[in-house]
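Student:
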Amino acid sequence: MTSTVSATRFELLNKDNYEAWKIHVEALLIKNDLWEYVNGDKLIPAVEDNQKSIDARNAWIKTDRKAKSEVILAISSTELQHVRGCNTSREVWQKLASVYASKGPARKALLLKQLMLHKMSEGGDVRDHVNKFSDIVDRLGAMDIQVNKDLLSIMLLFSLPDSYEGFKCAIESRDELLRLKLSK
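In the numbering used here, the protein residues as written are 133 to 316.
In structure tokens, the structure reads:
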């Protein structure tokens, strides 16, 4: 059974789904009028010597806690250690981005390794396989790593199981490789 967030039905954040999770949670926060707290557009009001400014600050804190709760409730328990100690929804969001959207060399190497080792299991769903392959390519593209389209076609072809041998031979015998059309 897949862990989901309330009635919205999307997977909780885990080590493999940050990009899709981010889109879902942003949509949820927008729907609930909380996104501006998370993205930093709505800053905490300064306290002046009047009750109105104190009330505005308290209202901001209360609403930000709701935003923080929405984000935290969308994180699987195995990933919660990353956001311990974060005080605001913005801090939680930025911390998750720093962990999962890193563009450092280790992250690039990990994604390239995932792409090269990605194999479809015998009897697996081709659509799921191609979607996962495309997702890895998209994440590499987001880090300014472009893999040659011919190479991608070859890698995808060789990631298919032995039961696709006839298909692979037919494609290999063509003068031109099929092009993998990836979403942008």
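All C-beta atoms in this analysis are idealised placements derived from N, C-alpha and C, irrespective of residue type, glycine included.
Please state the DSSP three-state secondary structure of Leu247.
Tutor: Three-state DSSP puts Leu247 in a helix.
Student: Three-state secondary structure (DSSP) at Ile207?
Tutor: Strand, per DSSP.
Student: Assign Ala199 to buried or exposed, taking buried as 16 or more other Cβ atoms, counted over all protein chains shown, within 10 Å of its Cβ.
Tutor: That one is buried.
Student: Please state the DSSP three-state secondary structure of Glu180.
Tutor: In this structure, Glu180 counts as coil in the three-state DSSP scheme.
Student: Buried or exposed for Glu151, please, with buried defined as at least 16 other CB atoms from any protein chain shown within 10 angstroms of its CB.
Tutor: Looking at its Cβ environment, which holds fewer than 16 other Cβ atoms inside 10 Å, Glu151 is exposed.
Student: If you draw a straight line from the alpha carbon of Glu168 to that of Phe142, how long is it in whole angstroms?
Tutor: Taking the straight line joining both Cα atoms gives about 22 Å.
Student: Assign Thr136 to one of three DSSP states: helix, strand, or coil.
Tutor: Because Thr136 sits at a pLDDT of 42, beneath the cut-off of 50, its placement in the model cannot be relied upon, and the point is left open.
Student: Quick one: using the 10 Å Cβ neighbour count with 16 as the cut-off for buried, is Arg306 buried or exposed?
Tutor: Burial call: exposed.
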